[in-house]
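Visitor: Handing you a structure now.
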Amino acid sequence: MTRPESIENRWDILYRDYPEVYEAFSKTPYHPTLYEQLPAIIDLHDKVIADVGSGTGASSLALASFARHVFGIEYETAMLQQAQAKTQNETSSRVTWLQGDARALPLATNAVDLVTGVTLALYPPEQYRAFIREGLRVARGPVVFIGIPPNWYGGELYALIEDTEKVDDEIDRIFLEEFSFAYHDLFTEQDYGTVEHIVSTYGFIFGKKTIEYLRREQKTTIRWKFRVYWRA
Ligand SMILES: C[S@@+](CC[C@H](N)C(=O)[O-])C[C@H]1O[C@@H](n2cnc3c(N)ncnc32)[C@H](O)[C@@H]1O
């Protein structure tokens with residue numbers, strides 16, 4: 004398989020064929036991290052959490068540093084394998100990895116204290132309705148979704164990413180209007196260190212126009228806005 008310069012926002016291809024690029028992208032440091040900001044909004048301490056769309060494991064492992072136990076639930080085998088291959092330590096001993104679908108969670112009714120979906124990417128957006136219903140079934144407490152609000156897909160370079168269907172308006176409407184979630188916005192900056200690293204991760208995902216811009220401006224950081232949606 005010849006490797007393209009960019010997958011042009013085809014996240015399905017990224018998760019299936021390039022989990023190591025997703026891993027390098029998600030591991031790039033954020034200042035401050037979501038997990039430094041989240042406990043001020045949602046009580047995570049000593050909770051049993053189902054983290055849906057756990058990917059290569061970053062969100063589940065971060066949540067496990069607060070929680071009593073985390074079930075990391077992921078659909079794609081390649082992503083789940085990357086998570087399972089991570090070093091075992093005290094925090095990871097509190098995580099159980101499960102293969103499963105956000106729309107039919109492999110857990111009993113009221114099995115956990117809270118359900119999280121940290122940039123859980125469902126497509127088409129109508130699938131969030133099934134995730135929300137499943138979350139409300141499985142959680143005794145809040146259902147929490149952390150996503151990207153309208154006009155922030157790809158972070159501050161949103162305006163350069165025009166060749167993709169932008170679904171964030173619809174997702175925002177489903178959570179806020181249809182299901183009456185509350186929300187709180189968080190800002191963070193991701194520091195890639197070098198132009199080469201940002202081009203091969205962020206640029207590989209978000210497209211050739213971002214690559215041209217990053218090279219021209221010698222830019223190595225991206226500012227993001229995340230929206231925490233929650234319903235008790
Ligand atoms: C952007 S990643 C987020 C990973 C992780 N939560 C993190 O913060 O590092 C989104 C993940 O959602 C997964 N996903 C997509 N559809 C899913 C579904 N129906 N059920 C479970 N996971 C799904 C993808 O395979 C991908 O691993």
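Residue numbers (the working numbering): 4 to 235.
Cβ coordinates follow ideal geometry from the N, Cα and C atoms, glycine included.
When you compare the stretch 16-25 with the stretch 186-201, are there three or more beta-carbon pairs, one atom per stretch, that lie closer than 8 Å?
Guide: Too few Cβ pairs lie closer than 8 Å, so no.
Visitor: What do you reckon, are the CB atoms on residue 3 and residue 229 nearer than 8 Å?
Guide: Nothing about residue 3 can be read from this structure; the chain reaches only from 4 to 235.
Visitor: Any chance the stretch 170-186 sits against the stretch 128-146, with 3 or more Cβ pairs inside 8 Å?
Guide: Yes, the stretch 170-186 is in contact with the stretch 128-146.
Visitor: Taking only runs of the alpha helix (DSSP H) that begin and end inside the stretch 135-207, which ones reach a length of at least 4 residues, in chain order?
Guide: The stretch 135-207 contains these whole alpha helix (DSSP H) runs: 171-176, 198-201.
Visitor: Note down the Cα distance separating residue 14 from residue 205, rounded to an integer number of angstroms.
Guide: Near 12 Å, if we compare the C-alpha coordinates of residue 205 and residue 14.
Visitor: Express the C-alpha separation of residue 169 and residue 154 in angstroms, rounding to a whole number.
Guide: Each residue's Cα considered, the two are about 9 Å apart.
Visitor: Does the beta-carbon distance from residue 100 to residue 158 come in below 8 Å?
Guide: Taking 8 Å as the Cβ cut-off, residue 100 and residue 158 do not qualify as a contacting pair.
Visitor: Assign residue 110 to one of three DSSP states: helix, strand, or coil.
Guide: Coil, per DSSP.
Visitor: When the Cα of residue 217 is compared with those of 201, 208, 231, which residue comes out closest?
Guide: When each option's Cα is compared against that of residue 217, the closest is 201.
Visitor: Report yes if the C-beta of residue 123 is less than 7 Å from at least one heavy atom of ligand 1; otherwise report no.
Guide: Yes, the beta carbon of residue 123 sits closer than 7 Å to at least one heavy atom of ligand 1.
Visitor: Using the beta-carbon count (16 or more within 10 Å), is residue 63 buried or exposed?
Guide: Buried is the call here.
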